[in-house]
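Below is one structure, written out as structure tokens, with a few remarks after it.
Protein chains in written order, with my numbering: chain A, 1 to 351; chain B, 1001 to 1351; chain C, 2001 to 2351; chain D, 3001 to 3351.
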């Protein structure tokens, strides 16, 4: 996947290469995935409204993938650049303004430009295609929010999450989590949160040793999402507290007898449920004065106006789900023919 | 970096490409780095003894790098394969035995083969070369252990860690941490732990947007180390609990006024101290009976003998330090000429 | 560079990553380059008319590159799909119809789909940006046609080629070459040709040993252009006939005393004029009946109608020039800091 | 494949990743391939004697590949560095001495260092493993010499070439070709030549559109071999002279009715015989005085002594064969599951 585009440019999009030919590309399904990430739908996300209509420019013919690159474009319909006028020359704390400036010497003040979370819409579109492919193989990827601020849910009801306005996994904690978001919003502040992403129906053996381990590539994919500051697999941080006798998963004829490993051992998928936790920092944009510098090196005060997500984790969970789908689709293709006799058999069929 | 080799084969090694020509390759320094990771030195690591002598096969001429690939080989001198005889056909719980079997249909029973932590010796050798290069640019990478089991240190004394047998960062907690390791060892068990890796002297601007973000690539590098189950940057997991007003780092003329971001913003380095926490699960090899399967699908009991690290995090911290050095060296080279006027200036000098 | 799109889909385009920030993006210049490749301009190219208007979707802000991916789209305005109705199910000889069918099991009959030469328009747009960057460094890339059928020019007048309708390098042979094209066209046939691409103003040292040699990467870039069947550097095919004493280029204080090597030695650029010859087969589409198969395996006769270039080499030379520019821009960036003291100097400036 | 090593360092070698598990690694076969490229065997190659014994360091267990990287090392046993003493500081014409100096500022005078053709021994070892894999799939790669100087053979007897001291494909021209080599050798000169590399038993569909075309990747692989200056596929250079009606290959029920395309159409393999011609310049090392510069910029005369191949094409043909095998093995693996229904079928078998 290659993405392009900035939050306030004419369009964002992606080019997805390597999709096998003959996959039915259900555009309604793609649009439904976009809808989940789309802003402007309720009080828990930014009021910025974007149609987020995906247009397929290539790689699909008569409803099926052709095997060639699938290009998808999403036009930006709501480019309210003036909202950003008063922060034109200063570095918004917690944003990439300063680091991009340091790197490129250019201040694209229109809402973060390339570093904006808007870019992730293109990832959701690409992830939707990956999910269509995985579905044909019986692999399902799902996500939801288990934590907002210090309110941590325990239940993991992915079906419930699909319908929840904040994608809450634990119905019993949903109200408290919603209240925390609104409290932050009303205080002109923002709040952190965390998502659980899970894949089921996996074969054992995904991932390549050393250079393209399943866990390493997932960590890369997740940490690369805007605002993510930590990634855990299985027991994660907690594993450092455990003894080997507490953490080792024994096996019986039905498979693993416990699930501390989270689906990867030695960087290779075990076939067991794959579990990744992704932690998002609070949206850096808050509506309180903050000390900062401008591009001339002067100390100034940043006072933001505009529309921002009070809790970027919520929509971020949809992006994390898309990223896992992209990683798994890639791993499935890479894993074909890893045993010589499978290679011979597949090859004979295809040749 | 490309590594090769298995724990009980004749040798392991690596090929490191992209090192600029003319770097003084201090072989004693490389050997000293190897020494830090080397097993068999005290009660806190495996009794397996390896000389871990690095031999340079190419890419160095008259003490300096030539710009061409540097190949380094470490011969395995202590290949006690018989220790593994009794686990020849079964999947050791918590190891990659099962996943490699599922993927490749081959059971290289000699201590994990390619998935053995022995492979990481090659990374330390490569990391030592990267550290030599970074040193010339004023960049320093350091590491240490802040947590063993549930004993979490607070101080961060990297100089102390260098001399500590368990690389402890907090002298006040070192004894308790050592005791925890020995307790696990005596109970034929193992214990988890966590390392802090830090880089200082960095310029702002390292990392490439979207596809090669500094934080994402670090997460990949760290999660790919054997036994790592979680990676945090800056506030990490904790950031999900915070409000924006607590997490945003304000800036003044002297730089950042706080340090929640851990050195990256929007995936690009801020020039501030880079802080990554890496969590290791307890060594899966313990000397207690565990239920498992063998390659014929039979339920069996795994009873390990041999020599193992009671706490893999300790030596793992040296590997994590090497990985950060490799990532930063790469990022520094990639970042050259990111601004057109720098490109013109550099190019004119060189051309 | 990533390109996407098919000849008869809604659009083609490309995403160009790695352009340094602060490069002035002269849209008129880009459009002028497109104009050179654009069909429908005279009797020597296909009558198919395309506006080939490049729209920049990202990566440019206030007329300058931002350092982030530049996405460019060219909408297909002239999608006469019906022209292809009568060849819907058959494999046009010399085209990729059969090989794509064998690979993907899909017959996108609309003019070759992804394998159409229309995709190369996106390369010209990307190449134009590369040329803008190279110009700032004093590097110039030029091209022209030296051969049509068996009429081989001797002179190499690149300025003349710019104005020639067939980009002829040799004014004395232009008329004969034009006549050969028209003769083929009138006979409902097509004809082969060959282009010379040259770069001047280069530094010595471009290209990476073994894995990314300048000559190897150029060969890849050129052979990957539609219809190209041979690539030569310097003496090329002729070098096999020579003695070492005839082919070795001696050096004096002013540089090389002869120019058999064509600008690369050992895969690394010598700084001397870089000369690549690219040979194009005749356009496979001819308007004579040819035996072929259809997707059902039946023997059928292919009788094409429509509009095609009688000599694909002519417009192909513009594509070859763009590809060389892209390769050189990449090589220049990769070459920064290859010597440790240059690295230190550049790094200090930038940091 | 990653290779390392210099001609006069302690060893050269390669790391080959991606080999499926369970392939029988026939070490005698690998050694036999090495033998074909090995110098010092007759009057037509350099007198430098190398045992060229391949030692496998990893990736093979009990005679079979394990799926993990296969590292192979070849120790340099004959490092006569003193032969090069008199050319220590000067740039040998036609060699990479000058370009490496320009790039790296280092003059590794021991026989070209990394740019020496000695590096290609590692490629032959890797290619032998690729050939073992392809053999299991019914794919065969062969090579031979069709041209030495201006003596061009017509017959293509690959079996004969295997036994010929100069790998001649045409028994009728072998004597004349041998005589040309010896004549050059006696005149202290060298001579160019050209190899034909062919693959049979291929499926249609190898190669990826646009970014990894079969013809482009082959051109890259071949042009990257030391001394190669031109690469042709099918009609190659000659295709520029032809009309479409002469060059298009018609198809019938038995397949292609002619073979101008050389096995690729639109960058994708047609399943027909794959034919690549590779042109080698004469060995630059000749024993006649040549004007050149030294590293201090002084005009000097280069007078070489030592042992060199009078015709580098001969042993080069073995390298070209190895490179084609490596490219095809890669392409076969990449092509698995390109159609969705094949993917589902393969995946089900393997999962």
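For each residue, glycine too, the CB sits at the ideal point set by N, CA and C.
It should be emphasised that the depicted structure is a prediction, and the values quoted were computed from it without experimental measurement.
Checklist line | Residues, ordered as in the chain, of the segment 3236–3250 of chain D that lie near chain C by beta-carbon distance below 9 Å | finding: Against chain C - using a Cβ distance shorter than 9 Å - the residues of the segment 3236–3250 of chain D are 3236, 3237, 3238, 3239, 3240, 3241, 3242, 3243, 3244, 3245, 3246, 3247, 3248, 3249 and 3250.
Note to self: For residue 1142 of chain B, would you say it is in contact with chain C, using Cβ-to-Cβ distances shorter than 7 Å as the test?
What the structure shows: With 7 Å as the cut-off, residue 1142 of chain B does not count as an interface residue toward chain C.
Check: At least one CB of chain B closer than 7 Å to the CB of residue 2273 of chain C: is that the case?
Finding: So no, residue 2273 of chain C is outside the interface.
Check: Got a sec: is the Cβ-Cβ distance from residue 3311 of chain D to anything in chain A below 7 Å?
Finding: Chain A, which has no Cβ nearer than 7 Å to the Cβ of residue 3311 of chain D, makes this no.
Check: According to the neighbour-count rule (16 or more other Cβ atoms, all chains shown, within 10 Å of its Cβ), is residue 3296 of chain D buried or exposed?
Finding: So residue 3296 of chain D ends up on the exposed side.
Check: Going along the segment 1135–1160 of chain B in order, which residues come within less than 7 Å of chain A, judged by CB to CB distance?
Finding: Result list: 1147, 1149 and 1150.
Check: Can you name the residues that DSSP bridges to residue 142 of chain A?
Finding: Beta-bridge pairing links residue 142 of chain A to A:198.
Next item on the list: For residue 1214 of chain B, I'd like the list of residues in its chain whose CB is within less than 7 Å of its CB, leaving aside the five on either flank, ordered along the chain.
Entry: Closer than 7 Å at Cβ, skipping near neighbours: 1206, 1207, 1264, 1267, 1268, 1269 and 1331.
Note to self: So if DSSP puts residue 1061 of chain B in a beta bridge, which residue, or which two residues, is it bridged to?
What the structure shows: BP columns for residue 1061 of chain B point to B:1064.
Margin query: Quick check on residue 2099 of chain C: does DSSP put it in helix, strand or coil?
Written below: Looking at residue 2099 of chain C - three-state DSSP - the assignment turns out to be helix.
Item checked: Cut-off 8 Å between Cβ atoms - residues of its own chain near residue 3169 of chain D, not counting five sequence neighbours on either side -> Cβ within range, chain order: 3144, 3145, 3146, 3153, 3155, 3156, 3157, 3158, 3160, 3161 and 3196.
Item checked: CB of residue 150 of chain A within 7 Å of CB of residue 286 of chain A, strictly -> No. Outside cutoff.
Item checked: For residue 1103 of chain B, the nearest candidate out of A:348, A:339 and A:227 (CA to CA) -> In terms of Cα proximity to residue 1103 of chain B, the closest of A:348, A:339 and A:227 is A:339.
Check: Does DSSP classify residue 2327 of chain C as helix, strand or coil?
Finding: Residue 2327 of chain C: helix per DSSP, three-state reduction.
Next item on the list: Quick one: grab the DSSP three-state call for residue 2302 of chain C.
Entry: Here residue 2302 of chain C carries a strand assignment [DSSP, helix/strand/coil].
Item checked: Interface partners of residue 1106 of chain B on chain D, CB under 9 Å -> What residue 1106 of chain B touches in chain D: 3021, 3022, 3061, 3062, 3064, 3065, 3066 and 3067.
Margin query: Determine, for residue 1011 of chain B, whether the minimum Cβ-Cβ distance to residues of chain D falls below 7 Å.
Written below: Using a CB distance cut-off of 7 Å, residue 1011 of chain B counts as an interface residue toward chain D.
Checklist line | Contact with chain A by residue 1029 of chain B, beta-carbon distance below 7 Å | finding: Taking CB atoms only, residue 1029 of chain B has no neighbour in chain A less than 7 Å away.
Checklist line | residue 3162 of chain D, enclosing alpha helix (DSSP H) - first and last residue | finding: DSSP places residue 3162 of chain D inside the alpha helix (DSSP H), whose first and last residues are 3158–3163.
Next item on the list: Sort out for me which residues DSSP pairs residue 2293 of chain C with in a bridge.
Entry: Answer is C:2299.
Notebook entry, point to check: Is it the case that the Cβ atoms of residue 2166 of chain C and residue 2178 of chain C are separated by a distance below 7 Å?
Noted result: Going by C-beta atoms, residue 2166 of chain C is nearer than 7 Å to residue 2178 of chain C.
Check: Out of B:1251, B:1312 and B:1070, which has the shortest C-alpha to C-alpha gap to residue 1130 of chain B?
Finding: Closest option to residue 1130 of chain B, Cα to Cα, is B:1070.
Margin query: Taking beta-carbon pairs under 9 Å, can you tell me which members of the segment 339–351 of chain A lie near chain D?
Written below: So the list reads 339, 340, 341, 342, 343, 344, 345, 346, 347, 348, 349, 350 and 351, given in the order they occur along the chain.
Note to self: With a threshold of 7 Å between beta-carbons, can residue 2004 of chain C be considered close to chain A, or not?
What the structure shows: Closer than 7 Å to some Cβ of chain A, the Cβ of residue 2004 of chain C qualifies, so yes.
Notebook entry, point to check: Would the beta-carbon of residue 3101 of chain D fall within 7 Å of that of residue 3107 of chain D?
Noted result: Going by beta carbons, residue 3101 of chain D and residue 3107 of chain D fall inside the 7 Å limit.
Check: Any chance the segment 2292–2307 of chain C sits against the segment 2255–2264 of chain C, with 3 or more Cβ pairs inside 8 Å?
Finding: The segment 2292–2307 of chain C, when compared against the segment 2255–2264 of chain C, does not touch it at the 8 Å Cβ threshold.
Margin query: I'd like the list of long-range same chain contacts for residue 36 of chain A, defined as Cβ closer than 6 Å, with 5 residues on each side in sequence excluded.
Written below: In its chain, beyond the 5 residues on either side, 318 have a beta carbon closer than 6 Å to the beta carbon of residue 36 of chain A.
Next item on the list: Please confirm whether residue 3271 of chain D and residue 3325 of chain D have their CB atoms less than 7 Å apart.
Entry: The answer is no: Cβ separation not under 7 Å.
Notebook entry, point to check: What residues in the segment 3118–3135 of chain D bring their beta carbon closer than 7 Å to a beta carbon of chain F?
Noted result: The structure shown contains no chain F; the protein chains it does contain are A, B, C and D.
Notebook entry, point to check: Given a threshold of 16 other Cβ atoms within 10 Å of its Cβ, counted over all protein chains shown, does residue 1172 of chain B qualify as buried or as exposed?
Noted result: The residue is exposed, with fewer than 16 neighbouring Cβ atoms inside 10 Å.
Notebook entry, point to check: Count the other CB atoms within 10 Å of the CB of residue 3123 of chain D; is the residue buried (16 or more) or exposed (fewer)?
Noted result: Under this definition residue 3123 of chain D is a buried residue.
Notebook entry, point to check: How big is the Cα-Cα spacing for residue 3139 of chain D and residue 3322 of chain D?
Noted result: Each residue's Cα considered, the two are about 13 Å apart.
Check: Hey, how far is the Cα of residue 1345 of chain B from the Cα of residue 2342 of chain C?
Finding: Answer to the nearest angstrom: the Cα atoms are 11 Å apart.
Check: residue 1332 of chain B versus chain C: which residues are under 7 Å apart at the beta carbon?
Finding: Residues of chain C whose Cβ lies closer than 7 Å to the Cβ of residue 1332 of chain B are, in chain order, 2347.
Note to self: Going by beta-carbon coordinates alone, are residue 2347 of chain C and residue 1137 of chain B separated by less than 7 Å?
What the structure shows: Yes, they are a contact pair.
Next item on the list: Using the Cα positions of residue 334 of chain A and residue 18 of chain A, report the straight-line distance between them to the nearest angstrom.
Entry: C-alpha separation (whole angstroms): 11 Å.
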